[in-house]
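Student: Below: one structure in structure tokens.
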Amino acid sequence: MTLLSPDFAEELKEFSDDSALACFNCGTCVAICPLIDAHFPRRMIRYVQIGARERILENATELWKCLHCGLCTQTCPREANPGEILLGLKRLIVNHWRKKA
Amino acid sequence: MDDNLNRNVDAIVIGGGIAGLQAALDLADQGFSVAVIEKDASVGGKMIRLSKVFPTLDCASCITTPKMAAAAHHERITLYTYCDLKSLQRVDGSVRADVIQRPRYVDAQKCIGCRKCEFTCPVMVADQEQGGFSPTKAIAIPFSNAIPQIAVLDPEHCMLCGRCERVCPTQAVDYFQKPRPFTVTARTAVITTGFEMTGMTDKPQYGRGTIPNLIDALQMERLLAPHGPYNRVLRPSDGKAPDSIAYIQCAGSRDISMGLSYCSRVCCMYAIKQAMLLSGSLPLADITIYYMDIRAFGKGYEQFFQNAQAMGINFVRAKVAAVEAGPDGSVRLHYEAQDGEGVTTSDHDLAVLSLGLIPAWHPDGICTLATGTDRFIEVLRPKLAPVQTSMAGVFTAGAASGPKDIVDTITEAGNAAMAAGRYLAAQPGSTPRPAETRADIEATVHIDG
Amino acid sequence: MYHPRDIIDTIAGNLRTTRNPFGIPHFLVNRWWRKANLPRRGDAMLFTGLMYQFIPYIETSTGYLAKYEESPLARYLRYARYAPGYLSGLGLAMITPSREKQNFDRILRDIVRILKASQVDLYYRPELDRYSGILLYDLGDQETFVAHARWLANRLKRAGVRKLITVDPHTTYALKELFPKYTGTSFDVHPYFELLRLNGHTIQRTVTLHDPCFYGRYLGLSDVPARALAGLGITCVEVDRSGAFTHCCGGPAESISPKLAGEVGRRRLAQLEATGAPIVAMCPICLANLRKLGADVQDLSSVMVQGI
Amino acid sequence: MTQDKKNDNATAPRIGVYICHCGGNISDHVDVDAVRRQIERMPGVAVARTNMFMCSDPGQAAIAEDLQNGTVDRVVVASCAPSLHEATFRNAIRRAGANPYIYEHVNIREQVSWVHHGETATAKAADLVAAAAAKAGLLKPLTPIRVPATRHATVIGGGVAGLSAARDLAARGIPVALVEKSSYLGGQLARLDRIAPTGERATDLVRELAGAVLEHPDIAVYTDTQVVGCDGYIGNFKLTLRRQAADALIGAQADDIPPAGIRPTGPSAAERQETALETGAIILATGFRSYQPRRGEYGFGEYAPVLTLPALIEKMARQAHQGPLLQIDGRPIRSVAMIHCVGSRQIPGIHTEDEEGRLNEYCSRTCCTATLNAADRIRREHPGTRVYELYRDIRTYGRGQEDLYEQAARNGVVFLRFEPDQEPRVTAADPDDGFALKIQVTDTLTFGETLDVPADLVVLATGMEPNDVSDLVEMMKLPVGTDRFLLEVHPKLRPVEMPVGGIFVAGTCQAPFDVGETCNAAGAAAVKAAAMLTEGHVELDPFVAEVDTARCQGNGACVEACLNPGALNLVEMQIDGQTVQRARVTPALCLGCGACVAVCPTNAIDVCGMTLRQYEAMVDAIVAGPAAAETV
Amino acid sequence: MGPAIQAKENKILVLATESCAYPGADSVGQAHSSYPANVYILRVKAPVLFPERFYLDCFAKGIAGIIVMSCGEECPYDGAYHALARRLDRVYQTMKAQEIDIRRLRLTAICTVCNRAFLNEVNQMNELVQTLISAGHA
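This is how it looks when you write it as structure tokens:
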């Protein structure tokens with residue numbers, strides 16, 4: 058993959074109270090998520106951590122699978138607040154679409 | 013022993029586990045008199061209850077009993093068991109411990125440890141020393157290698173039938189025994205109060221203690237011990253020999269959602285050790301350890317981990333998110349397999365929660381010792397004086413000041429004995445009593461109940 | 198799965214122009230109170246947020262969405278915002294069966310009955326009872342949500358409303374947590390079951406209470422309805438996942454992927470059915486989604502009303 | 003039953019046998035009186051008695067009375083397991099004024115009445131008592147061995163472990179010689195900056211410790227000095243110290259980091275070129291050196307911006323500057339990649355052995371926290387600099403360390419995890435990237451994708467290796483583990499002891515430790531030495547080997563079999579005017595295992611208190627039983 | 078097979094190390110498990126003390142079986158276990174030469190809580206001894 062750009066996490070801060078940085082990639086959110094869907098939602102969180110902006114944009118619609126039920130946040134052992142990160146990403150993407158439009 | 017339990021000694025050691033025993037021995041060997049206050053009916057702490065210990069796979073009993081016996085027989089050590097510490101205070105340059113010895117309902121001086129009472133007692137109770145898997149009696153010696161070998165009556169379950177009293181050859185059973193308050197005065201103290209495990213119900217996603225074949229690591233220690241409840245490893249619900257066993261790491265550590273942010277330091281190694289012992293006793297069983305980071309940091313630990321991998325033990329990097337009862341008594345684990353599979357469930361015949369370590373004792377209401385945000389005893393200078401607490405002349409060692417493995421605990425206990433010895437030496441008018449002959453040292457058994 | 202952008206834009210557009218996410222005129226949606234005979238003044242204003250009222254319309258629209266989700270027509274929906282026809286506005290109102298509407302309207306009337314039985318001094322002003330905008334918050338359209346929330350908060354403030362009685366978890370969360378944060382206006386918000394003092398004849402029965410995420414987890418309120426039920430002699434059986442660890446009913450996925458809503462809902466239903474006792478929900482979305490999966494689910498108010 | 007079995011021969015042993023009922027525990031299954039009747043007819047048995055509880059005061063009093071009035075001079079008690087009451091009866095005998103080693107214990111409870119029932123139990127008990135009586139007849143009074151000990155300890159190594167141990171011992175009133183090879187005190191700690199997780203300055207800690215040592219009147223500090231000779235044994239070592247030019251030693255520093263620490267300015271204790279030192283105990287605190295990467299290992303030596311962690315720490319401390327970007331050697335660093343486990347956790351078949359074919363398979367324990375500490379500090383002080391950590395497992399096991407890990411993550415350190423068989427590759431970056439280097443890593447956290455990490459600086463988290471102490475190992479016969487660290491006797495039973503009595507080990511010469519753990523190890527070693535030296539003598543069990551020079555032919559088989567080198571030696575002596583070689587035991591070194599006994603062709607060596615003859619007598623008695631013994 | 082052992086010579090000798098096997102045997106007693114009464118346990122510091130002839134003498138004297146219960150690899154005397162194992166190998170050679178059934182001498186490791194292993198060892202040895210005795214009578 059091309060160069061990493063961790064500045065993306067800074068960009069996200071505008072849309073979310075929580076950054077993805079606290080996450081230590083244990084995968085609890087994935088296993089607890091009612092969706093039972095591959096690496097969701099950690100995949101998105103990981104992309105935020107390493108700043109894989111293009112990956113996020115390519116897969117943006119996936120974010121709306123999140124039901125905002127909050128179970129991942131409740132369960133997260135690092136209080137990284139995955140639910141809020143996803144919500145922040147949704148806002149960032151909506152903003153991105155609107156700006157493009 | 014006289015009726016009066018009060019003592020004036022050089023050093024008090026609070027807790028008779030491996031840390032306390034080692035600190036007491038190292039203090040006594042320097043010529044200081046020591047009183048050990050232990051809450052259980054036997055000294056030996058958690059270590060005597062283990063099967064084998066990493067990374068040497070020595071039998072835990074074989075390593076612990078010599079130290080227990082050495083302390084029990086040491087001329088300068090007095091062991092007080094079955095005691096609660098009520099207060100620990102500095103008074104005029106000395107340290108005063110107010111202690112209450114709980115009633116065993118058995119006269120410690122008369123009991124000869126013959127277990128006639130235990131064999132006669134008609135009341136069966138679950139033996140917590142065997143993980144609750146097998147029964148013991150309402151009056152019993154705590155466990156086979158307990159020191160002292162004195163029976164303890166369980167008033168919760170005793171139905172006062174009087175059989176034990178009649179059968180006792182020394183008339184040691186005393187249903188009217190009262191708690192005995194006493195005071196030990198010393199010039200220094202060492203706190204070695206050790207740890208407890210987090211609870212099986214602490215993480216709601218792990219079944220709140222209702223999943224039949226989900227056990228904790230200390231229970232597995234008993235299943236693996238040569239003198240354990242079944243004499244072999246069977247799963248508790250139906251006595252089936254498990255074909256597939258899972259270890260769930262960080263089940264009480266590194267989890268802020270449980271209020272425990274710290275690493276419990278020993279769970280990786282004890283899980284690997286148990287896995288190796290299991291693969292010895294159940295050669296065909298699949299054993300999987302679900303982990304986040306393997307923390308094999310001690311001497312010989314990494315090689316031990318590598319050996320376990322070579323033996324075919326599976327290591328899956330994942331934090332188990334939820335556990336539930338599966339079909340046919342199995343235990344179902346939910347986790348994210350990070351190697352591309354993604355969210356996965358797996359069923360195992362038996363699963364072990366590698367619970368974390370929390371302090372066994374808290375100084376609230378007993379003394380002014382400072383504790384950290386992790387609730388373990390605070391050490392003021394973890395680098396240069398890792399055994400110095402916030403109270404002058406009071407030292408600590410072992411898991412009382414944070415999770416620690418046995419090797420680190422024993423070494424730290426030695427340093428606590430050194431620090432306490434230095435403190436004593438710096439006190440005016442302090443000279444350790446010269447030893448008489450070795451025969452003296454060996455010849456006196458100091459066990460005050 | 199539908200492209201979220203299309204859904205968001207449709208809803209945002211409707212909300213901006215009509216203050217209703219589906220573009221249905223307010224007088225058509227909010228009709229339940231007409232037979233309820235409610236005072237316009239009192240201590241606390243009942244605020245439904247229209248969630249119960251919307252359910253029949255959502256059912257209808259997603260019925261169409263589900264039909265086409267896996268078909269090439271899904272992509273065609275992209276153009277829906279140009280010709281929403283049967284999916285929003287009057288058209289949607291026309292094709293939604295009235296029997297369904299009556300069912301949900303009855304729930305609201307039941308809530309009023311149990312509140313009255315508890316001597317709650319409530320009042321109602323239908324013109325102030327508007328949608329909270331929560332769906333757009335969940336979908337990430339923060340801009341539209343905040344604009345709508347400010348409009349609503351101002352309207353309520355200007356009308357002198359202080360204390361609100363809510364009837365569903367989504368509206369409760371929006372008013373209690375999100376409004377103060379994003380509009381700067383706070384109200385004294387209580388879900389209706391918090392105010393109940395029911396001492397009617399006791400019903401000896403056992404139910405399975407499904408905690409909605411917003412009550413169980415976000416607001417930590419799962420004990421309150423259980424206590425209210427206990428007052429009527431109704432016991433709740435423990436569900437495998439409940440309280441702070443409750444499992445989503447799948448309903449919120451409805452607008453994006455009815456298929457996903459079904460999958461998640463079936464998982465939850467299995468947990469609820471494992472108890473063997475009748476299932477009770479307290480959120481219109483949960484109620485609708487679980488019912489759609491074939492479960493016989495009652496609303497909390499319908500159970501309680503039998504006790505008074 | 004006290005009628006004396008009058009014995010004409012006054013020197014023949016008079017054995018008293020005391021059999022315990024244990025309140026029925028024994029007597030319910032063993033006919034205690036029958037045993038007594040059989041045993042009292044045995045030759046040598048002066049008296050046989052029974053008691054309900056031998057361990058009670060009346061039971062012990064009976065023994066004392068018989069000893070004091072001369073009825074008996076050997077004692078056998080048949081009761082419970084020796085672990086419970088052997089010491090009780092030995093003490094009773096001593097209190098009665100007799101030698102406690104004329105005692106033999108028989109276990110007829112745990113090993114008879116609790117495991118056998120009926121007549122066989124009585125018969126076996128009688129056999130065992132007969133065997134004990136047979137052994138008792140051959141017992142001799144013994145005296146514990148008292149070895150005078152020089153009240154002085156020598157600490158080798160002037161790092162944290164050595165300084166700490168020296169300070170501890172001196173505080174207990176024991177004079178200490180501290181021997182340090184280099185000109186500096188403080189060891190590796192002196193080369194660090196702020197240490198995690200407390201944030202203390204390493205130099206402050208070194209100053210405090212070294213200050214205490216230098217000021218203490220009972221500590222003689224020998225810098226630029228090495229131990230070149232060691233003789234003697236526990237309590238009585240003779241060391242030779244040699245002063246060596248400091249310059250010659252600095253070259254020994256493997257990396258390019260300048261030496262640091264406290265350089266004593268006062269007069270050195272080593273006035274002469276060579277010093278002879280008599281010392282009672284030795285503490286080895288020879289420490290570690292930082293792993294030096296091979297040329298080409300992660301680009302080390304090939305690309306200038308590849309540094310070791312100690313080098314980074316030293317440069318950051320020395321070239322401290324402020325600003326959004328970290329600067330190293332005047333270069334602004336926009337991105338740092340830190341690679342964990344360099345020179346640690348090496349796996350055969352994956353990692354490359356060094357020139358001597360060795361791999362460091364162990365974990366170096368401290369590098370994870372040290373790396374996180376550096377990374378976190380860079381992020382806090384230079385927020386414009388990106389930090390990546392490439393790791394296998396994060397091992398923040400200690401108190402406060404996991405919090406540091408979390409804090410570093412929250413401060414923007416990005417973690418990438420690689421498998422040992424997919425090591426990161428450091429290469430020069432494409433010129434367009436604008437960075438100096440590029441690290442290609444297959445990141446398991448990103449679902450096995452291969453990522454390119456841009457870096458202006460690569461930091462290798464190098465592990466610990468023990469300092470080369472082969473000279474001391476040879477000289478003092480020290481065991482070394484496969485990891486090349488010094489190997490303790492047993493990690494739990496005797497964690498700070500070397501097999502040679504009186505030699506202890508402290509700190510990172512034993513295994514990787516952090517500063518606190520090193521201080522614990524030093525204290526633990528010091529307490530053992532203090533306990534040993536407090537009395538001015540070392541008291542040892544009397545159960546050691548003893549040579550019968552009349553029988554010894556000096557063939558040396560015992561010396562070869564001896565498990566503790568030095569405990570047995572062949573010495574020349576004059577016997578009947580002739581110079582002969584005979585074995586001689588150094589009791590202070592003898593472990594009493596008896597390995598020598600088995601190989602002596604002339605039965606000239608035995609272990610006191612457990613002679614072969616005694617065991618043979620026991621076997622004879624077991625085979626024959628007391629009844630047969632009676633007819634002998 | 079060599080000289081048959083006699084019925085009266087059915088005693089089994091156990092050489093048990095004081096730090097491991099001897100307390101192990103005590104632990105069996107504490108559990109009140111029973112085992113044959115012809116088992117005689119001698120407490121030894123380290124069995125490496127006994128020369129080859131000691132074992133052979135025991136058999137000559139009429140001891141039916143010998144179990145050396147050591148601490149195994151956990152032996153407190155470094156190197157003693159290997160020296161012992163080598164020595165017993167030589168004893169086996171001599172036993173073979175003298176046609177003594179080599180199963181009558183066994184080296185094993187027993188720890189302080191090895192109740193079951195202890196019972197296995199003594200029961201197996203007892204069975205062997207009984208078999209050899211009945212073979213001798215036959």
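Residue numbers (our numbering), protein chains in the order written: chain A, 58 to 158; chain B, 13 to 461; chain C, 198 to 505; chain D, 3 to 634; chain E, 78 to 215. Every residue, glycine too, gets a C-beta built ideally from N, C-alpha and C.
#1: Less than 8 Å between the C-beta atoms of A590(D) and L542(D), yes or no?
#2: Among residues of its own chain, excluding the 5 on either side of M136(B), which ones have a beta-carbon nearer than 7 Å to its beta-carbon?
#3: How would you call G611(D), buried or exposed, if buried means at least 16 neighbouring beta carbons within 10 angstroms?
#4: Chain C partners of P216(B), CB-CB under 7 Å?
#5: In chain E, which residues lie with their C-beta within 8 Å of the C-beta of C595(D)?
#6: In whole angstroms, what is the alpha-carbon distance linking G596(D) and D608(D)?
#7: Can you find the residues in the same chain that come closer than 6 Å, C-beta to C-beta, to V343(C), ignoring five residues on each side of it along the sequence?
#8: In terms of alpha-carbon separation, which member of A376(D), D220(D), E357(D) lies closest to L339(D)?
#9: What is the residue span of the beta strand (DSSP E) that A363(B) lies within?
#10: When the cut-off is 8 Å and only beta carbons count, does H125(A) lie next to chain C?
#11: Closest to T257(C) by C-alpha separation, out of D326(C), T368(C), K489(C), Q339(C), would be which residue?
#12: Let me know the beta strand (DSSP E) ranges lying completely inside the stretch 337-403 of chain C, each 3 residues or longer, listed in chain order.
#13: Could you confirm whether any beta carbon from chain F is found closer than 8 Å to the beta carbon of D41(B)?
#14: Mind checking if H223(C) is an interface residue toward chain A, Cβ cutoff 8 Å exclusive?
#15: Taking its Cβ as the centre, do 16 or more other Cβ atoms sit within 10 Å of M466(D), making it buried, or is it exposed?
#16: Output the distance between the C-alpha atoms of N16(B) and D417(B), rounded to the nearest integer angstrom.
#17: Which chain D residues are close to H239(B), counting only those with a beta carbon under 9 Å from its beta carbon?
#18: Check whether the Cβ atoms of G159(A) and E348(B) sit closer than 8 Å, and answer yes or no.
#19: Hey, how far is the Cα of R112(A) from the Cα of G337(C)?
#20: What beta strand (DSSP E) runs, 3 residues minimum, are completely inside the stretch 255-280 of chain B?
#21: Measuring CB to CB, does V561(D) end up less than 8 Å from A585(D)?
#22: Exposed or buried, T613(D), counting other C-beta atoms within 10 Å across all chains shown (16 or more means buried)?
#23: Just the Cα atoms here: how many angstroms apart are H323(D) and I335(D)?
#24: Is the CB-CB distance between C521(D) and N427(B) below 8 Å?
#25: May I have the straight-line CA-CA distance separating S110(E) from E233(B), to the nearest angstrom?
#26: By Cβ distance below 6 Å, which residues in the same chain neighbour A192(D) in space, the five residues on each side in sequence not counted?
#27: A493(D): buried (16+ other C-beta within 10 angstroms of its C-beta) or exposed?
#28: How far does the beta strand (DSSP E) with A23(B) in it extend, from its first residue to its last?
#29: Does the beta-carbon distance from I49(B) to C95(B) come in below 8 Å?
Tutor: By the coordinates alone:
#1: yes
#2: P147, K149
#3: buried
#4: F442
#5: K122, A123, V125, L126, Y154, A157
#6: 7 Å
#7: Y379
#8: Note on identity: in this sequence residue 339(D) is Ala, with Leu being the wrong assignment. Looking at the Cα atoms, A376(D) is the closest of the given residues.
#9: 362-365
#10: yes
#11: K489(C)
#12: 360-363, 385-388
#13: The structure shown has no chain F; the protein chains it does contain are A, B, C, D and E.
#14: no
#15: buried
#16: 37 Å
#17: What H239(B) touches in chain D: nothing, since even the nearest Cβ is about 14 Å away.
#18: The structure shown does not extend to residue 159(A), since chain A is modelled only from 58 to 158, so the question has no answer here.
#19: 19 Å
#20: 256-260
#21: yes
#22: buried
#23: 12 Å
#24: yes
#25: 23 Å
#26: V208, A262, G263
#27: Looking at the sequence provided, one finds Pro at residue 493(D) rather than Ala. Classification for P493(D): buried.
#28: 23-26
#29: yes
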